[in-house]
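To start, the structure itself, in structure tokens.
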Amino acid sequence: MLRLAAFRSPAPAKRMFSAAAAGSEVIGIDLGTTNSCVAVMEGKTARVIENSEGARTTPSVVAILDNDERLVGMPAKRQAVTNPENTFYAVKRLIGRKFDDKETQEVAKVVSYKIVKGNNGKDAWVEAKAAALAYGMDKADGKVIAVFDLGGGTFDVSILEISGGVFEVKSTNGDTLLGGEDFDEELLRYLVGEFRKETSIDLSGDNLAMQRLREAAEKAKRELDGLAQTDISLPFITADASGPKHLNMKITRSTFEKLVGIPPAPRGVPQIEVSFDIDANGIVNVGARDKATGKEQNIVIQSSGGLSEAEIEKMVADAEANAAADQQRKELIEAKNDADSALYTTEKTLDEHKDKIDAETVEKVKAALANLRTKSEGENTEEIKSALEEVQQMSLKIGEAVYKSQQGEGATSSDDNKDDNVHDAEFKDKKD
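When we follow the numbering used here, the leftmost residue of the sequence shown carries the number 147, and every step to the right adds one.
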């Protein structure tokens with residue numbers, strides 16, 4: 147597999163063991179790309195254990211000092227600026243991967259330490275079950291749920307089936323290069339590029355400067371979560387023949403959002419072009435491109451193995467046997483999607499034009515919306531369609547009220563203009 151290479155050979159770590167009997171406590175360890183956390187079960191409740199500094203999360207960072215001392219967590223993160231080559235972070239992305247894997251090579255391009263071939267890795271357990279338990283999904287018996295996990299370094303989607311209180315992970319997939327660390331790297335590249343434009347100096351080869359920039363990028367990302375803009379100020383970031391150089395930039399939330407993905411927009415406004423291509427070998431190429439920004443993503447799905455004739459025949463027979471049930475399920479999903487769309491558009495229209503609609507109509511529309519929302523949470527297709535039709539009728543009433551209001555405004559404006567165009571004429575009585 148692979149290992150992380152330090153620039154010194156550290157002394158063997160001391161291993162500590164306890165002869166005490168193991169207790170009945172159950173702990174859960176969340177090894178994250180950016181931060182890690184440990185919790186203990188107290189009855190049916192999980193309690194997060196604080197670290198030695200009193201924090202509930204610990205940075206997933208390890209550093210080796212010149213005297214071979216190892217630092218873990220926040221102490222390791224604090225000294226990263228002065229010791230970038232021997233400070234290891236985002237290593238979760240390397241677990242279970244080979245040195246020649248594409249993901250490993252992508253990570254090697256952005257980290258400050260060196261990755262070389264080495265030790266074998268072990269399997270890691272997926273986090274989806276823990277997330278489902280944390281949100282009380284163990285009560286949802288007989289359900290199939292999807293768990294989305296956007297973490298510090300990876301984005302994972304897992305499908306779980308719950309039956310009799312037992313969780314079974316049916317499928318899991320994700321992107322190991324999509325997470326908070328990647329948002330930091332995107333902002334880091336932007337800062338390097340802007341500084342290069344201003345000074346003609348490339349900071350990408352300066353490990354010390356890059357570590358300072360990386361920390362500033364992470365801090366700015368966190369601040370932009372609650373602020374419209376933030377300032378990045380790094381004095382003496384580098385120097386040239388003319389003297390020291392300082393980096394001072396303003397980063398707005400809109401700039402950051404353009405860097406990391408599709409800019410926020412009202413529902414229905416973004417135009418995403420999706421393409422599917424299946425070749426003769428059964429390999430599926432899927433691409434998505436935002437027409438406004440030109441940003442695109444692609445994924446290749448390869449079959450892990452072919453199906454036998456017997457397996458294909460069984461799948462066809464199962465599909466035919468469940469055709470009626472599948473059709474009913476399809477109609478229910480379509481009805482729910484139509485209801486969701488109608489709720490959004492009608493509520494938006496009502497909010498924009500409620501000053502032009504009489505109070506009685508407003509109350510009727512709100513009642514119809516509440517009824518549709520309740521019905522759409524159920525499983526009765528006909529009830530959803532009936533409630534949807536009622537909302538659509540209310541939408542027509544909104545349109546009529548707005549149209550009448552605009553007509554009234556137009557008539558008033560026309561009368562005003564007519565009065566403005568009337569002038570008293572002067573005339574003389576001409577005598578023969």
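Heads up, the beta-carbon is just placed ideally off N, CA and C, and yes, glycines get one too. Quick caveat: nothing in here was measured; it's all calculated off a predicted structure.
For this session: Go through the segment 461 to 500 residue by residue and report every complete run of the alpha helix (DSSP H) that reaches 4 residues or more, in order.
Result: 469 to 499
Problem set entry | Cα-Cα separation between E403 and Y259, rounded to whole angstroms | 29 angstroms
Problem set entry | Integer-rounded CB distance, given that K244 should sit under 8 angstroms from G299 | G299 to K244, Cβ: 18 angstroms. No contact.
For this session: Just the C-alpha distance for I383 and N232, rounded to the nearest angstrom, thanks.
Result: 21 angstroms
For this session: Identify every residue that forms a DSSP beta bridge with P205.
Result: N181
Problem set entry | Beta-carbon proximity of A387 to T376, cut-off 8 angstroms | no
Exercise. Do the segment 303 to 321 and the segment 329 to 339 meet, that is, are 3 or more Cβ pairs less than 8 angstroms apart?
Worked result: no
Exercise. What do you reckon, are the CB atoms on L515 and L534 nearer than 8 angstroms?
Worked result: no
For this session: Could you have a look at E196 and say whether DSSP puts it in helix, strand or coil?
Result: coil
For this session: Identify whether T228 lies in helix, strand or coil by the three-state DSSP scheme.
Result: coil
Exercise. What does a CB cutoff of less than 8 angstroms around E536 pick up in its chain, not counting 5 residues either side in sequence?
Worked result: A514, N517 and L518
For this session: Starting from the C-beta of A270, find all residues in its chain whose C-beta is less than 6 angstroms away, skip the five residues before and the five after it, and write them out in chain order.
Result: Below a pLDDT of 50, predicted positions are generally treated as unreliable, and A270, at 43, falls in that range; no measurement from the model is reported.
Exercise. When we look at the beta-carbon of G310 and count the other beta-carbons within 10 Å, is it buried (16 or more) or exposed?
Worked result: exposed
Exercise. Who are the near neighbours of A362 in its chain, counting only those whose CB is closer than 7 angstroms to its CB and skipping five residues on each side?
Worked result: I378 and L380
For this session: Ignore the nearest five residues each way along the sequence and tell me which others in N181's own chain have a CB closer than 7 angstroms to its CB.
Result: T203, T204, P205, S206 and G298
Exercise. So what's G189 in DSSP terms, helix, strand or just coil?
Worked result: coil
Problem set entry | Beta-bridge partners of K396, as assigned by DSSP | D377
Exercise. Candidates E199, D212 and E188: which alpha carbon is nearest Q221's?
Worked result: One point to set straight first is that residue 221 is Pro, not Gln, in the sequence displayed. Considering only alpha carbons, the answer is E199.
For this session: Would you identify the three-state DSSP class for F341, choosing helix, strand or coil?
Result: helix
Exercise. Quick one: what does DSSP say P390 is sitting in, helix, strand or coil?
Worked result: strand
Exercise. How should E333 be labelled, buried or exposed, when 16 other C-beta atoms within 10 angstroms of its C-beta is the threshold for buried?
Worked result: The displayed chain sequence assigns Leu, not Glu, to residue 333. Buried, because 16 or more other Cβ atoms sit within 10 Å of the Cβ of L333.
For this session: From the DSSP output, read off the bridge partner residues of L144.
Result: Outside the displayed span of the chain (147 to 578) sits residue 144, for which this structure offers no information.
Exercise. Helix, strand or coil for A167 per DSSP?
Worked result: With a pLDDT of only 45 at A167, under the threshold of 50, the placement of this residue in the model should not be trusted; the figure read from the coordinates follows. Correct three-state label for A167: coil.
Exercise. How would you label F422, buried or exposed, when you count the other beta carbons within 10 angstroms and need 16 or more for buried?
Worked result: exposed
For this session: Excluding the 5 residues preceding and the 5 following A167 in the sequence, name in chain order all residues of the same chain whose CB lies nearer than 7 angstroms to its CB.
Result: A caution first: A167 carries a pLDDT of 45, below 50, which makes its placement in the model unreliable, though a value can still be read off. Answer for A167: no residue qualifies.
For this session: Write down the C-beta distance between E249 and L323 rounded to the nearest angstrom, noting that I regard them as a contact closer than 8 angstroms.
Result: 6 angstroms
Exercise. Which one of S400, K502 and K437 has the shortest CA to CA distance from P416?
Worked result: K437
Exercise. Rounded C-beta distance between L478 and M395? I'm assuming under 8 angstroms.
Worked result: No, L478 and M395 are not in contact; Cβ-Cβ is about 51 angstroms, not under 8 angstroms.
Exercise. Pairing CB atoms from the segment 485 to 503 with CB atoms from the segment 461 to 474, are three or more of them under 8 angstroms?
Worked result: no
Problem set entry | Nearest candidate by alpha-carbon position, reference E525, set S346, A254 and A485 | A485
Problem set entry | Whole-angstrom distance between I424 and V430, CA atom to CA atom | 5 angstroms
For this session: Over the uninterrupted alpha helix (DSSP H) stretch that includes N353, give me the two end residues.
Result: N353 to E369
Exercise. Can you name the start and end residues of the beta strand (DSSP E) that R216 belongs to?
Worked result: R216 to V218
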